[in-house]
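Residue numbers (the numbering used here): 156 to 349. Every residue gets a Cβ at the ideal spot worked out from N, C-alpha and C, and that includes glycine. For clarity, every value in this text was computed on a predicted model and none was experimentally measured. Report on the following structure.
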């Protein structure tokens, strides 16, 4: 006889059973750009705005059954930022903010992860923007499912970074009156095994 407890137990057990079908060692997974987005949100003059980092490249090795051995390599082409306002885009590209002529890409690298709950992890690594590299904890949820007959990772996260810690704000933009220090980044990506 099926009960609510049975159904809940089955729902909780399903991801674990799927994970056990993965190879015993870490596999290499590559981000699928068609099913992925990296959105950033900020305010300017008190009004909220969003933009998107396009053409992000990411390769990661992770075994959900042994997360401590994970390896993330993420490259973010700052020059490919997409935003509604051409004027705001010019400001972002300018030397006082991202200075894309000097530093066209940002990067995140991590070499360890820890399991927080059934599908929640935290990776420890470094984020580099412009010429500034700082330690960064990157919490994320990771689900495994089937996509087109292949195992697929679905990774989601939301983190807040302080732009001034990375030199994104020189001269006039070093103040936080118009643009606050905090920038929110929302990650929703899929990756397939290689």
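- Nearest to residue 231 by C-alpha distance, out of 186, 211 and 342, is 211.
- Here the alpha carbons of residue 328 and residue 303 stand approximately 46 Å from one another.
- Looking at the DSSP output, residue 205 bridges to 196.
- Shown here, residue 349 sits in coil according to DSSP, grouped into three states, outside any helix or strand.
- Per DSSP, reduced to three states, the secondary structure at residue 191 is coil, with no helix or strand assignment.
- The shortest C-alpha to C-alpha distance from residue 207 to any of 190, 341, 263 and 242 is the one to 341.
- Under the DSSP definition of a beta bridge, residue 309 partners with 298 and 345.
- With fewer than three CB-CB distances shorter than 8 Å, the region 215–224 does not count as touching the region 194–202.
- Here residue 292 is actually not in contact with residue 271; their C-beta atoms are around 11 Å apart, not less than 8 Å.
- Between the region 260–271 and the region 238–249 there are fewer than three C-beta pairs closer than 8 Å, too few to call the two in contact.
- Shown here for residue 287: same chain residues with a beta carbon closer than 6 Å to its own, the five before and five after excluded, namely 321 and 322 in chain order.
- Per DSSP, the continuous beta strand (DSSP E) segment holding residue 279 begins and ends at 275–284.
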